[in-house]
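Asker:
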Amino acid sequence: MPLDIFRKFTKHSASSSAMQSESSSTDNFTISFRPEAPSPQESETSSPHEPGYQKRLTTTNIDHTSKYRVVAKYLHTKLTLNQWLSASEKPTSLSGVLIRADRNKYISEPKQISPVLHAAVQRMNVPVAFTMSTETTRVIIESLQPGQREVLLPSREQLQVIPSLASIVRDTANGVKKFQYAALIHQEGVLLVWHDQFESILIQAAAVEEKLLALIYRRPTSLLSNRTSFLTNRTSLLTSRTPIRTAAQSIVSLPMATSLRITDELKSDVAKITSNEIATSDPESGKLIDSLDRPLALTSSIYVGLGMCLIIILELGFGVSSVIYEILTDGNYIRAALFVTLPIIMIVSLFFAMVIFGNLFQVVGPTKTLKTNTRYFSARPPDLASAYAQGFKPQHITIQMPVYTESLNDTILPTIKSLKAAMSHYESHGGSATIFVNDDGFAYMTPEQQQIRANFYYDNNIGWVARPRNNSECGYVRKGKFKKASNMNFALNIANKVEDELLEMLSPSLEKSEFIDLVEEETCYQLALLHVLETDSRVKAGGNIRLGEHILLVDSDTRVPVDCLLQGAAEMFLSPEVAIIQHSTGVMQVSRDYFENGITFFTNLVYTAIRISVGSGEVAPFVGHNAFLRWQAVQAVGCPDDGYTAYWSESHVSEDFDLALRLQIAGNIIRLASYHGDEFKEGVSLTIYDELMRWQKYAYGCNELVFNHIHTWLWKSPFTPLFRSFLGSSLQLSSKITILGYVTSYYAMASGFPLTVLNYFLVGWFNGYLDKYYMESWKILLSIYVVFILFGNLSLAIIRSRLGERSFLSALLENFKWAPMMLVFFGGLSFHLSLAILAHMFSINMQWSATAKEKSNSNFFREVPKIFKTFKWMYAVMFPLIGGMIYLGCFAPKGWEITLMTAVVPMAIAGINLIFLHMTLTDPYTYGARPPPPAAAPAVPAITPVEATASVPPATTTPLFATGLFLSCSSPSALSNRPSDRLIYLPGRPPTL
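Here the sequence shown stands for residues 1 to 993, numbered as in the UniProt record's numbering.
1) For V176, verify whether its CB is less than 7 Å away from any heavy atom of the ligand ATP.
2) Are L298 and G617 touching if we call contact CB-CB under 8 Å?
3) Counting pairs of Cβ atoms below 8 Å between the region 667-676 and the region 497-516, do you hit three or more?
4) Within 10 angstroms of the Cβ of Y444, are there 16 or more other Cβ atoms? Answer buried if so, exposed if not.
5) Should H711 go down as buried or exposed, given a rule of 16 or more other Cβ atoms within 10 Å for buried?
6) Quick one, which of V477, T137 and G542 has its alpha-carbon nearest Q450's?
7) As an exercise, report each continuous beta strand (DSSP E) stretch of at least 3 residues that is fully enclosed by the region 878-902, in chain order.
8) Put C639 into one of helix, strand or coil per three-state DSSP.
9) Using beta-carbon positions only, say whether I356 and V787 come within less than 8 Å of one another.
10) Does S843 pass the burial test, meaning 16 or more other C-beta atoms within 10 Å, or should it be called exposed?
11) Return the residue from the list G96, S66, T65 and S114 that minimises the CA-CA distance to T80.
12) For F831, collect the residues of the same chain with a Cβ closer than 6 Å to its Cβ; drop the 5 residues on either side in sequence, then sort them by chain order.
13) Please determine if the region 368-382 and the region 409-417 are in contact, where contact requires at least 3 C-beta pairs separated by less than 8 Å.
14) Which two residues bound the contiguous alpha helix (DSSP H) that contains Y457?
15) Quick one: what does DSSP say L692 is sitting in, helix, strand or coil?
16) Taking the straight line between their C-alpha atoms, what separation do you get for A495 and N470?
17) Over what stretch of residues does the beta strand (DSSP E) that includes V590 continue unbroken?
18) What does the alpha-carbon distance come out to for the pair R241 and F392?
19) Would you mind reading off the limits of the alpha helix (DSSP H) that contains W778?
20) Could you please give the first and the last residue of the uninterrupted alpha helix (DSSP H) stretch that includes R123?
21) Which runs of the beta strand (DSSP E) at least 3 residues long sit entirely within the region 606-667? Give them in chain order.
22) Got a sec, what are the start and stop residues for the alpha helix (DSSP H) Q160 sits in?
23) Can you grab the Cα-Cα spacing for the pair P468 / R611, in whole Å?
24) Compute the distance between the beta-carbons of L833 and Q696, then report whether it is under 8 Å.
25) Would you tell me roughly how many angstroms separate the C-alpha atoms of L740 and N668, rounded to the nearest one?
26) Any idea which residues DSSP pairs K681 with across the strands?
27) Run the CB neighbour count on K67, radius 10 Å, all protein chains shown included, and call it buried at 16 or more, exposed below.
28) Could you please give me the residues that DSSP links to T398 through a beta bridge?
29) My output table needs one value for T922: the three-state DSSP class, helix, strand or coil.
30) Do you know whose CA, among G827, R100, A797 and F482, lies nearest N460's CA?
31) Between which residues of its own chain and G189 is the CB-CB distance below 6 Å, once the five residues before and five after are set aside?
32) Let me know if L159 comes out buried or exposed under the rule of 16 or more other beta-carbons within 10 Å of its beta-carbon.
33) Helix, strand or coil for V128 per DSSP?
34) Here's a check: name, in chain order, each residue in its chain whose Cβ is nearer than 7 Å to the Cβ of P718, leaving out the five neighbours to either side.
35) Pick helix, strand or coil for I62, following the three-state DSSP scheme.
36) Let me know if residue 1039 comes out buried or exposed under the rule of 16 or more other beta-carbons within 10 Å of its beta-carbon.
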């Protein structure tokens, strides 16, 4: 069977004279175990029953061990050609390559390799590793001092130093910063290099050697940081500050963390390295640019005030005066009852008025605050030199990622790859980070699928917690309409329980000394985790689930910048009053079809508007992902209840908005950061179903934050305690008005359809008899088109041109390109928002499923019936209305007809948008929406053996030999289909054979 052969080489320039030959080039390769499907021609001409069929070579004919043996030999050959391996004939040589072929099983080349090297790599549980021994590594290792634990590189990165390979085996592999992907082994005199991906190991080796050469050439007199940076051997240092703890919080250093003591000398060195990149002080004032007291922008306060003035003039000036004039004319004082509607109209008009002056300020207003750092906005990254000079030490960061039924291969793996790159950069600068997955779909998987998922977490050093299914046999109930909040709360509470157990176990040692032995700490942690799992059989967990000082909250379909952890930790250090740093986010597209492109444009528009608003002085929003959270601040506003703390509200759909309000009421600051540009990425809705669901969830969430259920108004009052606390808080007035404008904008949109229907009959049948106080829908429609469609698109193009993001003409053309889609979408949104608001008001159960992360194929004949079935109640309302319009316009008796343009046009536009919204914005030829899983037992996509990969899926397929033999090394820990490879998972412990 012929095989298509693709080869991809990544060339690296030689860093020394010994690597100038062609053989020194490294290959970036990916190899696949997946058997190649036969071509259509082959399928037609051959079958398993034909003679000679079994003579064809396929990967299924090759022994499992032989596959990895060939790969190990191939890597060994490439490493030898690059002169990275020392020539040794000893049977227990420290020079060689090790590849993980199965659970706790490594294949080495040469076959006879040092047992201690094999044991160390096995303890680290890395897919591929080798020992580099060159003249460069020899010179640096000989310069190391006893007890030294880091080497400070000219690039401001750190390279860890490990006393010996035996210390990895004897102490704990958690003491190794695995995402540095390299370590100097002092006693053995080698550089141990490893990686999570086979195709990256050669690139990693070349990069490390280049950095070591730069260390020698650029700093010949003071190569190492032993004068200023050191660790106490086999100890971990307690944090100096005692945090506020509403439940259990770690005050002992994490197993993955190390204690770095930075002296004045090191701070000076780092400052010198950084000074060329960013200025550390203002030469005129002598103050640090990135100080704790940032200026407060007042631009938004001005245009919010002008918007309030406009409302007062329109409502109290023209509206009230017209009513008073009519009362004085005919003496009918009943008209004074219309004044009751004034507060409602003024509040609902807030957003509209602020948009008018906001657009005006985008055209002619100042832009300096959009390019500088202010109290609520970070346009520039934090000054690292300033942070180090003030005592900054990279703290441990926990990357929290809630997941549900997303595909391991298509969604989660690419996110993990992006997170690992950021963790590697952070660890190389002295920090530490762990991934903490809250797996809400684990309970709905089969035992085989659970085993694959647990193996994946273990092989990728991921801590995870999974809770029972909803209404399971143990009686557990997943609270909330949108389960994300209760999922994260459950995981955080389990982490706190483990921390409490750990502190109790370590208390005798803490009474004697503030230093804790790493071996003791790791042993106690494993015992604490096991004890929590044994006492609560509902819980499944594994890995390192301890929480750091900061939490980076991401979604399962997120991409993050490489340096985001270091920048986030530095900004948190420089601004202790900040509880959340919300990063501006770009869009990660999946299908790139018409609908997703339109939603991408709208999402970018929203984030642009947010940046402009916050840069002008408004408080930053918190959107629930791509944000750094200060764990101490989140704990302080948690709601404890009988041993369980709800950090995220389980009674609100908009749990992120609720947390943001509680933090700000408590005096914390939420900040928006845009210095990463669009490097933070998120997925958007792939279908109109998901997008409507998202808007309904927002409307429902805003209403439940403001109003209690109607039937409880008599004893609870209409407004919720949280909303009353918000109104009475010390938050600046303009920000309160802006938040009110945002919340009430959903009521304005939701009221559009019912008021248009009412306007149709009032204007059609009572035209000329209506009070002048009444404003027709026709006038409102024209106002919306002028302000949002014309002025809004024009001002957006102007501000993007002023900020240098795009040229004015291209921005303007893009804005108007998507204007028709926005008209249809927002024109048909009113009905769905009103359903969500009424559902909360009248306590009607309304559920939402998780947003689809992957597209699914569909066609026209599937989508049209699905549309009518999903929105049957909307069509049940609209078809009679459309029929009634036709009757009243063409066949009604005289005096009952409605033909007036100001009555018919608004109603016709609303009806057309509602009816054709779902059909015009659904692309049935590319994808369909994923139906929500049943409440009792949600359907979980099947996880194939391919999804058991321990690293990211291969991007290319590269042949090893001209014979066309393909081997898979992208997933060294993948489970094969052989019964002997079945693994047994014990909760709380690593998966074992």
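The C-beta atom is built at its ideal place from N, Cα and C for all residues, glycine as well.
Answerer: Looking at the atomic coordinates:
1) Among the ligands in the structure shown, none appear at all, so the ligand ATP cannot be discussed.
2) yes
3) no
4) buried
5) exposed
6) G542
7) none
8) strand
9) yes
10) exposed
11) G96
12) F753, M874 and L914
13) no
14) P447 to D459
15) helix
16) 21 Å
17) Unbroken run through V590: none, as it is neither H nor E.
18) Residue placement at R241 is flagged as unreliable, the pLDDT there being 33, under the threshold of 50; the coordinate-derived value follows with that caveat. If I take the Cα positions, the gap works out to 14 Å.
19) S777 to I784
20) P115 to M124
21) 627-630, 639-641 and 644-646
22) No alpha helix (DSSP H) contains Q160, which is instead part of the beta strand (DSSP E) from Q158 to I162.
23) 40 Å
24) yes
25) 19 Å
26) R559 and G586
27) buried
28) T434 and I551
29) coil
30) R100
31) I141
32) buried
33) strand
34) F707 and N708
35) coil
36) The requested residue 1039 is not part of the displayed model; the chain covers only 1 to 993.
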